[in-house]
Every structure is written in C-alpha cells, then in structure tokens.
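In the numbering used here, the protein residues as written are 475 to 675.
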C-alpha cells in the first residue's frame, strides 16, 4: 500500500511533547485516498478470516427517505423519535460536494435535500442480527457459529440525483442456506429496496 503525502499538512501543538508536529489535513485528495486505501486493506484482512462475504446495497424508497428542507426543518420516518440536527451529523453537507456548476445548479433547484440517517443503518444491522439469531435458534443451527456476523458499512449519495443509500459488506461463517440469508437481509431493511449478492473470492 503506497501512501501519498498530504497536500495541506497542518502544524499543531503536541501538549505532551511540548513541541509543534506536522499532521495530515484529512480533507485533501491525498488524505482521502490514503483513508480509502486503509479501508480497503482492513476489508481484505477481514475477508480472509471468514468463509462468506455478502455485498448489500440499501436504498430508501420515496416514502422513507429522510429529508432536510431549505429552511432547516427535518423530516424523518415515523419510527425515529429524536434527532438533534445540531449534534447529530446526518445531513448532506453542501460544502463537501464538489464545487462544480452541475452540483450547484442541482442543489439550487431542490426544495429540500435528501439525507442519510445512520440510525436507519444501525436499526437494520440490529434487526438483521436478531432475525438471524432467531432463525438459528428455531432451526437448530449453532448460534455461536452461524449467527456471528461482522460488517463494514458506508453511506453514499448517488452521482446524479444525490439519492442517499448504504453499501454494507457482511462477513460470516454460517451454515444457514444462502437463500435464507438473503431473505433475512431483505426482511431486515424496512425503508426501501435491497440489492444483495455473495462476493466470490
């Protein structure tokens, strides 16, 4: 893995050493590429430890997609009881979008912005684990082996319409049939469309 040098390093004071140190900015293209490379490396190491890997895309339908209006009002699915928009970083940050004309034209025409809610992903993971454990217990599978799941998830906005969705990699060593695994994944996402497939080595 080849790491690139930060394009805009920052100088900060280390209070323990009582001297200035140079640290990466974490926002330039090089820093973002380095972060992506670290994730790729971690995912490859994780994949090597498990028998199966499932790639899942979770998309919101129009009824359940969280939105942020231009005047700052938040609208969410009914089961999200409390979100503090000042403390919970769940909205699209217009400043993070590429500063190009297409992005700015698209955003300026929208009455609201579609946004991600990490609570939805957390609920999905909990629901999936619970459904899998229940299925294993009911059908005589070893819960310690078949219901153990690790995952890596990331939220993303679509390139054209900035529609929020999640990508999740599940890692497991289950004896549960693959068709049942896919069924449990689809049952666990309550907010829209699920696309899932097993990853070949």
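Beta carbons are placed, not taken as given, at the ideal position from N, Cα and C, and that holds for glycine.
Item: Backbone secondary structure at residue 494 - three-state DSSP; Value: strand
Item: 8 angstroms contact criterion, which residue 624 and residue 598 should meet: CB distance rounded; Value: Contact flag wrong, Cβ pair sits at about 15 angstroms.
Item: C-beta atoms of residue 491 and residue 673 nearer than 9 angstroms; Value: no
Item: Span separating the alpha-carbon of residue 669 from that of residue 533; Value: 8 angstroms
Item: Residue closest to residue 503, alpha-carbon to alpha-carbon, out of 610, 485, 642 and 480; Value: 480
Item: Rounded straight-line distance, which links the Cα of residue 501 to that of residue 576; Value: With a pLDDT of 48 at residue 576, under the threshold of 50, the predicted position of this residue should be treated as unreliable, and no value is reported.
Item: Anticipated Cβ contact below 8 angstroms, residue 632 with residue 595, distance rounded; Value: Not quite, the Cβ-Cβ distance comes to about 16 angstroms (not below 8 angstroms), so this is no contact.
Item: Reduced DSSP secondary structure (H/G/I, E/B, other) of residue 672; Value: strand
Item: Of the residues 654, 652 and 591, the one placed nearest residue 627, counting alpha carbons only; Value: 591
Item: Cα-Cα separation between residue 635 and residue 535, rounded to whole angstroms; Value: 14 angstroms
Item: Endpoints, alpha helix (DSSP H) assigned at residue 592; Value: 592-612
Item: Contacts around residue 641, its chain only, beta-carbon distance under 6 angstroms, and the 5 residues preceding and following it disregarded; Value: 531 and 628
Item: Secondary structure of residue 635, DSSP reduced to three states; Value: coil
Item: Residues near residue 478 by beta carbon distance below 7 angstroms, same chain, minus five either side; Value: 504, 507 and 508
Item: Rounded C-alpha distance that separates residue 652 from residue 495; Value: 51 angstroms
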